[in-house]
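Be aware that the sequence shown starts at -10, since it is given in our numbering, and climbs by one per residue. Think of the CB as a built atom: it goes at the ideal place given N, C-alpha and C, for glycine as much as any other residue. Inspection log for the structure reproduced underneath, given as C-alpha cells.
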Amino acid sequence: MKVNVVSRGSKEIVKGGVHLSDSATVADLQEAIHQRTKKFYPERQRLTLPIQPGSKERPVVLSSRKSLKDYCGGNSDNLTVVFKDLGPQVSYRILFFWEYLGPLIIYPLFYYLPVYQFFGYKGERAIHPVQTYAMYYWCFHYFKRIMETFFVHRFSHATSPLSNVFRNCAYYWTFGAFIAYYVNHPLYTPVSDLQMKIGFGLGIICQIANFYCHILLSNLRGPDGSGGYQIPRGFLFNIVTCANYTTEIYQWLGFNIATQTVAGYVFLVVAALIMSNWALAKHRRLRKLFVCKMFIRIWMIDLCDFAYSSLTGIAIRRKRWKTEVSTQMGTFTSVPVEASGEPAPPFSPIWYYVLGPRA
Ligand SMILES: NC(=O)c1ccc[n+]([C@@H]2O[C@H](COP(=O)([O-])OP(=O)(O)OC[C@H]3O[C@@H](n4cnc5c(N)ncnc54)[C@H](OP(=O)(O)O)[C@@H]3O)[C@@H](O)[C@H]2O)c1
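What follows is the structure, given as C-alpha cells:
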C-alpha cells in the first residue's frame, strides 16, 4: 500500500510517499514517517484524512491503534493523509512534575529565608503557628501531587506540547509566590485558633478525599493507561462527575479559611473557575461517549457548576433514574423516575418538585 503524506497546503512531507504492507497500522505509518523525516517522532504527528477545499467539516483524525485499511474507503492500494507538526512534546509526567515543583520550592523560601528584607522589612519576623502549619500543609499538598503524578495517575495522552510547560509553570509558580508572600508576611495577622482548626481540618479531610478520588480514577484504566474513558463510580463520584476537582476546590477553601489572605482567595476563585470549566467539558465528553448514560450524572457541587446547574435546573441526582449501565459498547437503558413511579429522593433540589428532572 502506498501512503502519500502531504501538508495542509498539499506539499509532500515524505518524498515519493511511504510504502507499507496491507496490514499496517497508523502507528506503523507514523514510525515510517519518523524514520524518513528524522525530526517528526510519532507524538509530534497529527494525521488526518483530506477534506474537500472549502468544506466546513472537521477532518477525521487517524487513530494510531487502527489499521490503515480502515481509512482507505475501498481503495486499499492508495491513501493520502494530511500531516500536521504538533511541535516539540513532553510527557504529562514531566509537565506535572515541573509545574508542581515550583510551588513546592518557592513557598518555603518565603517562610525560611529573610526575603522580606529585600522588600524593606528590616526587623525580626515573628512566625505565627498558623504560618508554620500553612507551610507544612502547602508542601504536603504539592508533594502529594508529585507522588500522584508518578505513582497514581494513569494518563491516556502520551504527551503535551512543550509550550504548556511554560504556561502552566507560569500559573503555578506565580500563584505560589503570590500566596507565600502574603501568608508569610511580617505584618500578617493570624485568624482565631478555632478558625484555623476548622480550615485545616476541612482541608486535610478534602486532601485525603482527593487522593481517594485519584485512586478511583486510576482504577478505571489498566496499568499501561489503556481502557479509555469510563464513567467514574463510587464515593463522591456517585453524586458529582469530577469529584477530584470538587475535593480540590474545597481543600483550597479549607486552606483559605485557615490563612485568610486575599491572594489565597484569588487563587481559589481562579482555580475553581478553571476546574469547573474542565469539569463541564469532561462531563460533556462522557455524555457524548456514553450516549445517554451521563444524562443522569450532571450534578457537580463545584462552586460554579453548582451555580450553573442551579440556574439552569439541570441538576438531577443519579438515583432518580433506573439505570442499567454496562460497558461503552454495551447496552444501556434509562428510565425516568416518574415513569417508574419512584418518589423523589430526600435531597432533591426544590425545582425537581416544580419542574421535574431535566437535561
Ligand atoms: N489547583 C488547581 O488549579 C488545579 C487545577 C487542575 C488540577 N488540579 C489537581 O490536579 C489533579 C489532576 O488534574 P487533572 O486535570 O489531570 O485531572 P483529571 O483530568 O481528572 O485526571 C486525573 C487522571 O485520571 C484520568 N481520568 C480522568 N477522568 C477519567 C475517566 N473518566 N476515565 C478514565 N480515566 C480518567 C486522567 O486521564 P487523562 O490522561 O486521560 O486525562 C488522569 O490520568 C486534579 O484532580 C486536582 O486535584 C488542581
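Asked                                                                                                                                                                                          : Found
Measuring only the C-alpha atoms, how far is residue 187 from residue 242?                                                                                                                     : 11 Å
Does the beta-carbon distance from residue 56 to residue 10 come in below 8 Å?                                                                                                                 : no
Our contact map puts residue 256 next to residue 200 with C-beta atoms below 8 Å; I'd like the distance itself, whole angstroms only.                                                          : No, residue 256 and residue 200 are not in contact; Cβ-Cβ is about 20 Å, not under 8 Å.
Let's test the definition: count the other Cβ atoms within 10 Å of the Cβ of residue 253 and tell me whether it reaches 16, buried, or not, exposed.                                           : buried
If we count the other Cβ atoms within 10 Å of its Cβ and call it buried at 16 or more, is residue 326 buried or exposed?                                                                       : Low confidence applies to residue 326: its pLDDT is 32, below 50, so where it sits in the model is not reliable enough to give any reading.
If you compare alpha carbons, which of 272, 237, 211, 247 is closest to residue 259?                                                                                                           : 237
Where does residue 203 sit, in a helix, a strand or coil, going by DSSP?                                                                                                                       : helix
State the Cα-Cα distance for the pair residue 106 and residue 203, rounded to the nearest angstrom.                                                                                            : 41 Å
Below 8 Å on the Cβ atoms is my contact criterion, and I expect residue 119 with residue 179 to pass it. Report the Cβ-Cβ distance as a whole number of Å.                                     : 5 Å
Mapping DSSP to helix, strand and coil, what is residue 29?                                                                                                                                    : coil
Use the C-beta contact count for residue 121: other C-beta atoms within 10 angstroms, 16 or more gives buried, fewer gives exposed.                                                            : exposed
Of the residues 213, 184, 231, 269, which one's Cα is nearest the Cα of residue 248?                                                                                                           : 184
Report yes or no: do three or more beta-carbon pairs, one from the segment 66 to 73 and one from the segment 131 to 142, lie closer than 8 Å?                                                  : no
Is any non-hydrogen atom of ligand 1 found closer than 7 Å to the C-beta of residue 133, if you look at the structure I gave you?                                                              : no
Return yes when the Cβ of residue 126 is within less than 8 Å of the Cβ of residue 89, no when it is not.                                                                                      : no
Pick helix, strand or coil for residue 176, following the three-state DSSP scheme.                                                                                                             : coil
Under 8 Å by Cβ, that's how I've got residue 162 and residue 91 pegged, so tell me the actual separation to the nearest angstrom.                                                              : 4 Å
Rounded to whole angstroms, what is the Cα-Cα separation between residue 261 and residue 38?                                                                                                   : 38 Å
Grab the span of the alpha helix (DSSP H) containing residue 133 for me, first residue to last.                                                                                                : 118 to 140
Looking at the structure shown, is residue 48 part of a helix, part of a strand, or coil, going by DSSP?                                                                                       : coil
Is residue 203 near ligand 1, with its Cβ less than 7 Å from a heavy atom?                                                                                                                     : yes
Identify, in the order they occur along the chain, each residue of the same chain with its Cβ nearer than 6 Å to the Cβ of residue 8, setting aside the five sequence neighbours on each side. : -9
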